[in-house]
Structure formats: structure tokens, C-alpha cells
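In the working numbering, the protein residues as written are 19 to 500.
Shown next, in the form of C-alpha cells:
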């Protein structure tokens, strides 16, 4: 019976949308509405309800796992080297054996790294979790990673263990930013994963361009020129006159608008809702693209988007969090703006967040104590988290640590020319709210941007683009309607 329930649970998470995840690390996405259970007895179509961030049940007490015996193999599933480097570089006692194996004490660590492109990571994870109940102890998934845009797919299933089942009390997590816990809180108030990082965003500007346009690259001067969207658009005209583009693509500002909506994408009765702030993004972007203020209508992560990482790309600004500044803007490539230390950061017109990675314990793990210790060390231990900031220029999920680092020049970002942006990130992290989040957000965000590209390019009018969006999203999620 348990096996059947778990199979149905996996059917639910796959039906909720096999999504690409954080745009920062993925390729195209697909969505599966119907899936076949492990028993092969036919297909089960289930759709997730729109889900607002529930309240964490603080009355849940941590279990005592001190008498449980640890397994011999720790299987970790992730999509790139980021988490592996955090564990390798910062977890005490981890010994690297080779690219896919390590040791923690007597436990063999096995890394199963499947890139996100074409949804390969989630497909592999989902199919392996489906076999979790029947797998041999050494073959079971012990720990896996999820990203913000598809975390809800796993939170309300039996495949993720509450952290209290690992012996972690909620009081231990009091220094973390609340939104990072909201993302992983199930509908019945259980916390199902922890993150070492926060991902509030800022406006990242070219210092060379700022001097050419504004006469100064000082963050306060730039902020005055981009303090709200009307001022931002006015500055874009000056940016064009100076021979630059305001942004590389039409989608650079999308997340800033979509993070500041007043209504969720999907209502309680499963009606698709297009918020006024999303409509404003369309109007402003169309106006700026037609005026030549935006370089391309191509997607994020395209060649057109990354062209602005170099001086010849002539792009004034990008929008992103710490991980984007340090890991996604060609900092290791000679001649890039980041490599030259010639980016700057300021708050921008609106606060927003982008992405994040969460550590989840898989139901069925025989290494609860080890998984719990990894979570504690990487997401609670202040000294280790400060080391992550210093070594990796990441923004970590620890308020006291970030407040301390924000005033210390030792934590300046080389790619920002020695600027320390952590105070901006810390203020942004405290302001993040997830009260409009739904299980449909990733699909809606992607399909809306895809549909609006044709409108921005002038190949269809707005109403046609909008109807194309409705057609795509109701095909992806048949229970939704206009």
C-alpha cells in the first residue's frame, strides 16, 4: 500500500509540472500533465492547486535519531557542481575521491549530477524517486537539490522528509531569512528543505557606461537615475544617445515585475490572472524595444543576452542576485566586464529575488544524521557560512552573518570593483514575500514571455499574443481557464 501511495504521490508532482527550474541554470522546459504509475496500471492525471506560502507549524518537535544506524552510501542528486563545491570546500571532514565520489568518515558519497538542460535532471530525479521504496539501501537517494521555481513540486509529497524528522529543531534555524523557509513549507506546516543561500536581486550596471551616461559610476548616482520605472525609462533615452542599450533582452526586467504582483497567476477557482504589474512590463518593454533602448528580443541565456558581458556589447545594466554576478557573467573570461572588475550594483526600481537552491532529505534515506549534519553545517553554522561568502562571494542564508559582512571590506566583490553589495542584498532578502506564489508560476512565466516575444517583434498584435499564451498554458495545465 505504501508503495502505491508513493507512486501516486510521484504522479502528483509530475503532473504539477516537470519544470525547468531556476532560469539561471537551465535550458528549455517541458511539462508533463499525465504520468504512468510504477505499477503500470494506467495513467493518473492530477494537478496541483494554487499554493500560497503556508505558515510553519512551530509546535512540531524534532525527532531523536541518535540511536539510528547510518548507512554505507550517501547518494546525492543535483544538476551541477555548485552544491558539490560547497560540500567539498566547506564541509568539515569531506574527502574527495574523484569527480563523482567522496568520503565522509566511513560513508561513501556518490554524486549523481545530471544537467538541467531539456529537463534531464528532474526527469532522472523523478524516475529514481519513483523506485525509492523498492531500491536497495545503498541505491536509495539520500539527499537531493531543488530550485525555487519548482520546489513546490516536491514539498507536498512523501518524497521529502520534514527537517524535524532529521532531528533538526526549528529553533536552530532562527537566523535564516523567512522566505527561504516559506518556499519549502508544506501545506500542513512542515519544513521540507533548507538553503545555504538567499537570492535577492539588484541592478547590475556597467561602470564605464554609467560614467558615459551619468558622469559618475557611484551607486547613489546610478540609483537616482533608475529609482523607479518612469525614471528608468527616461534614463534609457540618455543611454541610447550615449551609444548603449539599457538591457540586453526584453526579458531582463521581467522577474522584477513578476515578483511584485498584487494577484497570483492562478486564482482559487483556477482562473488565469494577468496582474497589472505584468501588463506594465509588457507596455514598458514594448515601448522601450520599439525605441531601440533594448538590444534583443531573444531569451535570457542566449548569445544576445550574454553579449553585454563584454565592453563591446554596449549594455548598461542587468538584473540579478549574487550568484549571477559571480558565476554567470563570464568573470573568469579575460576581457569581460566582470573580469575587469567594472560592474557596479545598486537597488534599482523594485526589489526582487531570483532562484535559490534547497537541500532536501529523501524519504527512505538511511543516513539521516549525516544529511542533518550537512544541513546544519552549510545553512546554520555561522563560521562556515562566512567562509562561503568570503571564498565564493555568495549571499548566505544567515541574517547576523550578512549584517556583519555588509560592513566589512573583506567581503567586497572583485567583479564589482571592490564594492560590497551585501547590505543591499540583506535589505532585499528581508523584504521578500511569497504570498502570491502558486504551483503554476514557472509555466505561466515562461509561456507568457514566449508569447510576448512575437508581440515585441511586431509579428502579432497584443491580443493575438495574449490568446497564444492562453492556448499554451491551458494545454500545459488543462484545468486552468481564462
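Even for Gly, the Cβ is constructed at its ideal location relative to N, Cα and C.
Terminal residues of the continuous beta strand (DSSP E) containing residue i?
| i | result |
| --- | --- |
| residue 141 | It is not in any beta strand (DSSP E) - residue 141 instead sits in the alpha helix (DSSP H) that spans 138-148. |
| residue 95 | 91-96 |
| residue 112 | 112-116 |
| residue 107 | First-last for residue 107: 100-108, but that is the alpha helix (DSSP H), not the beta strand (DSSP E). |
| residue 363 | 361-364 |
| residue 405 | Per DSSP, residue 405 belongs to no beta strand (DSSP E); it is in the alpha helix (DSSP H), 400-410. |
Can you tell me whether residue i is buried or exposed, with buried defined as 16 or more other CB within 10 angstroms of its CB?
| i | result |
| --- | --- |
| residue 110 | exposed |
| residue 42 | Per-residue confidence for residue 42 stands at a pLDDT of 36, beneath the threshold of 50, marking its modelled position as unreliable; no derived number is given. |
| residue 84 | exposed |
| residue 108 | buried |
| residue 465 | buried |
| residue 426 | exposed |
| residue 198 | buried |
| residue 376 | buried |
| residue 145 | exposed |
| residue 120 | buried |
| residue 201 | buried |
| residue 113 | exposed |
| residue 321 | exposed |
| residue 266 | buried |
In this structure, what does DSSP give as the bridge partners for residue i?
| i | result |
| --- | --- |
| residue 290 | 284 |
| residue 265 | 312 |
| residue 371 | 218 |
| residue 125 | 122 |
| residue 131 | 96 |
| residue 379 | 161 |
| residue 499 | 289 |
| residue 414 | 215 |
Below 7 Å CB to CB, which residues in the same chain sit around residue i once its five sequence neighbours on both sides are set aside?
| i | result |
| --- | --- |
| residue 19 | Low confidence applies here, because residue 19 scores a pLDDT of 36, under 50, leaving its location unreliable; read the following figure in that light. Within the same chain, residue 19 has no close Cβ partners at all. |
| residue 340 | 411, 412, 413 and 443 |
| residue 418 | 193 and 400 |
| residue 73 | 207 |
| residue 264 | 254, 257, 306, 311, 312, 334 and 335 |
| residue 277 | 370 and 371 |
| residue 327 | 347, 348, 354, 355 and 356 |
| residue 249 | 243 |
| residue 90 | 125, 126 and 156 |
| residue 299 | 271, 272 and 275 |
Following the continuous alpha helix (DSSP H) through residue i, name the residue where it begins and the one where it ends.
| i | result |
| --- | --- |
| residue 155 | Note, residue 155: premise wrong, no alpha helix (DSSP H); not H, not E. |
| residue 244 | Segment: none, residue 244 is in no alpha helix (DSSP H) and carries neither H nor E. |
| residue 419 | 417-423 |
| residue 388 | 386-397 |
| residue 230 | 225-232 |
| residue 272 | 272-276 |
| residue 171 | 170-173 |
Given residue i, which residues of its chain have a CB within under 6 Å of its CB, disregarding the five upstream and five downstream residues?
| i | result |
| --- | --- |
| residue 268 | 303, 307, 312, 315 and 474 |
| residue 325 | 331 |
| residue 459 | 283 |
| residue 436 | 430 |
| residue 369 | 446 and 449 |
| residue 407 | 414, 423 and 429 |
| residue 101 | 163 |
| residue 138 | 132 |
| residue 227 | 262 and 334 |
| residue 288 | 497 and 498 |
| residue 235 | 225, 228, 229 and 362 |
| residue 75 | 207 |
| residue 240 | 223, 228 and 364 |
| residue 118 | 129 |
Quick one: residues in its chain with C-beta nearer than 8 Å to the C-beta of residue i, no 5 flanking neighbours on either side, listed in chain order?
| i | result |
| --- | --- |
| residue 486 | 469, 472 and 478 |
| residue 350 | 357 |
| residue 359 | 432, 433, 434, 435 and 436 |
| residue 392 | 105, 109, 161 and 377 |
| residue 182 | 78, 79, 80, 81, 188, 208 and 209 |
| residue 185 | 80, 81, 82, 83, 84, 386, 387 and 390 |
| residue 195 | 216, 415, 417, 447, 448 and 450 |
*Segments assigned alpha helix (DSSP H), at least 4 residues, entirely inside the region 427-479*: 440-449 and 459-475
*Return the chain-ordered ranges of every alpha helix (DSSP H) run that is complete within the region 298-354 and spans a minimum of 4 residues.*
321-324 and 340-345
_Extract the residue ranges of the alpha helix (DSSP H) inside the region 179-221, only unbroken runs of 4 or more that lie entirely within it._
DSSP runs (the alpha helix (DSSP H)) wholly in the region 179-221: 196-200.
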